[in-house]
Amino acid sequence: MPYRAEIDGLRALAVGAVILNHFNHALLPSGYLGVDIFFVISGYVITASLAGRPTTTLRSFLGGFYERRIQRLVPALLVFVLITTLFSCAVNPKPLLPIRTAATALLGASNVYLYKQSTDYFAQSTELNPFTHTWSLGVEEQFYLLFPLLLWASGFAQHNPGGARRLFWLISLGSLLSLAGFVLIHAHDQSAAYFLMPFRFWELAAGCLLFLAQRNGFAPLQRLAGLPPLAPLLGLLAVLTLPLTTAVPATVAVVLLTSLWLCCVRRGTLVHHLFTLRPVVYVGLISYSLYLWHWGVLSLSRWTVGIHWWTVPWQLALMLLLAMLSYHCCETPLRRRRWWPRRRLTIATGVAASLAATAAVLAIGRNSVNSLYLGSNPEDSNLDELSMSAAGTSISHSHCSSFTATTLQHCWLEPSDPRQPRLVLLGDSHSSHYYPLLGQLRARHGIGLGAFVTSGQAFPAIRFTDNRGGSRERWLQQDLQARQFHAAALHRLRPGDIVMVSSRLEYYFLRNRINLEHQGLQLQLADADWQPIDEATALRAWLLQLDRLAGDLAVRGIRLVVMAPTPAFRGDPAARGLPMALCTREWYRPQLSRLCTQVYEESRPWLLQRVQPLKQALQQHLARHANAALHDPFDRLCPPDSSSCRNVVQGRRLFLDDDHLSQSGSLLVAGDFARFLQQRGWLLPPRP
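Shown next as structure tokens:
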């Protein structure tokens with residue numbers, strides 16, 4: 123296919139829409155769909171580039187294809203990831219999530235990693251990961267693993283008669299299945315619809331189908347080619363302004379309008395003239411490097427100076443400068459130059475360089491202390507990084523919420539004082555926020571510790587579905603492993619040891635009373651058939667499991683402590699997941715986000731009334747067992763002499779978000795919890 127400058131002009135529009143959206147979602151609400159424009163262009167250009175390329179064997183065809191893809195994508199990505207990782211470590215005290223995202227980006231799998239982390243692409247916290255945007259590269263690279271095989275299987279790559287027709291119908295079938303999957307899954311698991319390649323295949327395939335239809339002289343397409351290109355352009359611009367709630371129809375519309383634009387844009391029209399202006403084409407030429415660097419600049423800006431009207435010109439200038447350097451000094455020279463006489467050596471070099479860079483990035487993140495950090499030592503970063511730091515260990519939510527062969531080893535500590543019990547923590551993320559408390563107990567009393575948590579799942583286990591991504595399938599995938607590890611952890615306990623259970627019970631059982639975002643919640647016993655039951659029935663079923671657990675532990679002389687619900691605020695949704703580290707004033711962060719100093723206040727009687735039925739039910743059931751007790755931290759976090767509860771007390775944030783305790787909040791409860799255990803004779807005083 124001869125070079126079409128207007129396609130680079132369309133790339134400029136796409137990357138401009140993405141950048142504008144990422145500066146401020148309100149400026150262009152659906153500007154993120156610029157990535158979908160890129161997908162259609164990629165499918166179109168890749169198919170066109172392969173259509174006239176001579177080939178004789180599958181080996182030479184695949185070798186040539188992957189050689190060109192590696193030379194096109196890998197060099198700029200390596201440079202971006204390595205430099206940005208260093209800067210991220212300099213301003214982020216605990217960059218574990220960015221480092222893992224960077225490593226998987228180098229392997230073409232960051233979209234899968236982000237999905238497994240249940241990442242919300244549109245959340246405030248997501249903007250602080252400088253590698254989140256590499257998910258789209260993962261989608262493309264996974265598409266490139268499949269696409270050339272389809273070309274060869276259809277005979278299109280060998281220029282066989284009828285090969286183009288077979289490829290058209292093969293891609294059409296795959297597109298229909300992919301589009302149907304995207305529409306259906308979006309209502310149940312938005313992250314899967316957004317991040318995973320099978321649900322994005324239809325977008326890249328749209329460009330492929332357009333080229334094949336044009337090449338074969340498809341009659342309806344020839345009629346569409348006569349339309350004025352201004353019509354689909356105006357349609358594209360209109361769709362980019364739609365609100366986020368129209369994500370599914372807006373995505374479909376962008377793909378169709380982009381395909382129509384590619385079909386009908388032609389010389390002599392105003393649109394063609396505008397999109398072939400030299401500055402516009404140049405932005406399109408550097409769009410890959412610009413896409414890489416723009417998010418890194420914005421993310422690191424959010425960690426440092428922030429994004430304000432007076433910083434925008436400097437940030438735009440820095441994006442362009444870095445993209446131009448990347449394009450002229452790295453991307454273009456290494457793409458045009460032949461690396462080695464043999465293709466296999468070029469492919470091997472690209473793979474080896476990616477693996478070496480991955481190892482380097484992971485080596486940086488392997489240290490428990492971020493030695494590259496240039497700021498002070500903040501209190502804590504976020505829930506994933508809350509750890510038993512006072513114990514001098516690396517036990518953290520991020521380590522003990524994924525079950526692997528080494529989980530028991532990494533999430534278990536024997537007592538430093540042989541007189542003291544071992545305490546095992548089980549539950550959802552609302553058990554993880556007690557890690558600092560347990561760290562202090564170990565530091566002062568020498569207790570043993572074990573921690574095994576499953577985010578979004580209560581202990582004892584409960585199945586549930588909701589319309590925000592929780593699904594039976596994901597629950598079933600986690601449940602067997604979780605049960606095995608819980609059983610293994612409980613098997614290690616001896617008489618006198620303690621099991622500590624903490625979950626956000628009101629999330630599972632009282633949604634009608636607290637008006638949670640999750641609607642249509644359905645709950646049932648873990649070992650029952652998958653049939654919806656109401657919350658009250660589910661609570662009774664769960665309490666019976668708790669009774670059974672207490673009885674089994676009593677036989678072995680093991681104690682059970684259940685933590686009562688903590689206060690939950692109705693805070694600003696934009697502040698959810700905001701790291702505490704971002705709320706520490708540094709030399710490179712002269713101005714804090716307004717979200718850091720925002721105080722939420724709730725009526726204390728109202729908060730108590732919400733959870734009182736749960737407390738009463740727990741107290742009633744645990745009173746039946748001499749080895750079980752309920753500990754209520756509510757009064758410590760929200761004093762009885764106050765008419766309201768606040769998330770910030772004397773300048774300290776007691777909560778990371780609306781309901782998870784911060785390190786300050788967890789340590790505030792620690793003294794009461796230690797006295798609670800000592801009064802029952804379950805914990806000995808520390809040695810003098």
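Start counting at 1 in the sequence shown, then tack on 122, and there's your number in my numbering. From the three backbone atoms N, C-alpha and C, an ideal C-beta is built for every residue, glycine too. These numbers were taken from a predicted model, which means no experiment stands behind them.
Check: Determine the contact status of Q264 and G230, defining contact as a CB-CB distance below 8 Å.; Outcome: yes
Check: Applying the 10 Å Cβ sphere with the 16-neighbour rule, what's the burial state of L132?; Outcome: buried
Check: Taking the Cβ atom as the reference point for each residue, do P755 and T688 lie within a distance shorter than 8 Å?; Outcome: yes
Check: Excluding the 5 residues preceding and the 5 following H144 in the sequence, name in chain order all residues of the same chain whose CB lies nearer than 6 Å to its CB.; Outcome: L420
Check: Return the chain-ordered list of same chain residues with a C-beta closer than 7 Å to the C-beta of V393, the five sequence neighbours on each side being excluded.; Outcome: P351, L352, L355, V387
Check: Three Cβ pairs or more, each shorter than 8 Å: is that satisfied between the region 192-212 and the region 301-320?; Outcome: no
Check: Looking only at its own chain, which residues have a Cβ that is under 6 Å from the Cβ of I141, when we skip the five neighbours before and after it?; Outcome: H416
Check: Which runs of the beta strand (DSSP E) spanning at least 3 residues fall entirely within the region 167-206, listed in chain order?; Outcome: none
Check: Buried or exposed for G578, please, with buried defined as at least 16 other CB atoms from any protein chain shown within 10 angstroms of its CB.; Outcome: buried
Check: Is the beta carbon of P252 less than 8 Å from the beta carbon of P220?; Outcome: yes
Check: Tell me the DSSP secondary structure of S625 in three-state form.; Outcome: coil
Check: How about Q667 and T468: do their beta carbons lie closer than 8 Å?; Outcome: no
Check: Would you list the residues sitting across from L271 in a DSSP beta bridge?; Outcome: The partner list for L271 (beta bridge, DSSP) is empty, contrary to what the question assumes.
Check: Write down the C-beta distance between G572 and W534 rounded to the nearest angstrom, noting that I regard them as a contact closer than 8 Å.; Outcome: 5 Å
Check: Please tell me whether S766 and E708 are closer than 8 Å, where the distance is taken between their beta carbons.; Outcome: no
Check: F631: which of H552, M685, L736, S725 sits nearest, CA to CA?; Outcome: L736
Check: For the beta strand (DSSP E) that contains H753, what are its first and last residues?; Outcome: 750-753
Check: Determine, using beta carbons only, whether V376 and L155 come nearer to each other than 8 Å.; Outcome: yes
Check: Between the Cα of E536 and the Cα atoms of H552, G570, L548, R566, which residue gives the shortest distance?; Outcome: G570
Check: From L228 to L477, what distance separates their C-alpha atoms?; Outcome: 8 Å
Check: Can you pull the DSSP bridge partners for V546?; Outcome: G572, V621
Check: Just how far apart, CA to CA, sit A703 and S725?; Outcome: 28 Å
Check: Got a sec, what are the start and stop residues for the alpha helix (DSSP H) S538 sits in?; Outcome: Run containing S538: none; DSSP gives neither H nor E here.
Check: Applying the 10 Å Cβ sphere with the 16-neighbour rule, what's the burial state of N282?; Outcome: exposed
Check: Does DSSP classify F581 as helix, strand or coil?; Outcome: coil
Check: The alpha helix (DSSP H) spanning L412 covers which residue range?; Outcome: 409-425
Check: Tell whether a beta-carbon distance below 8 Å holds between G428 and Q713.; Outcome: yes
Check: Can you tell me the Cα-Cα spacing of L172 and L334, whole angstroms?; Outcome: 12 Å
Check: What first and last residue would you give for the beta strand (DSSP E) that runs through V387?; Outcome: Segment: none, V387 is in no beta strand (DSSP E) and carries neither H nor E.
Check: In angstroms, rounded to a whole number, what distance separates the CA positions of A751 and F798?; Outcome: 10 Å
Check: Taking buried to mean at least 16 other C-beta atoms within 10 Å of its own C-beta, is R222 buried or exposed?; Outcome: buried
Check: Are the region 436-448 and the region 150-166 touching by the rule of at least three beta carbon pairs closer than 8 Å?; Outcome: no
Check: Pick from R614, R678, A739, R626: whose alpha carbon is nearest that of T659?; Outcome: A739
Check: Using DSSP with H/G/I as helix, E/B as strand and the rest coil, what is V842?; Outcome: Here the chain comprises residues numbered 123 to 810, so residue 842 is not present and cannot be evaluated.
Check: Please look up how many angstroms separate the CB atoms of V721 and R768, rounded, as I've assumed it's under 8 Å.; Outcome: 6 Å
Check: Please classify T363: is it buried, with 16 or more other beta-carbons within 10 angstroms of its beta-carbon, or exposed?; Outcome: exposed
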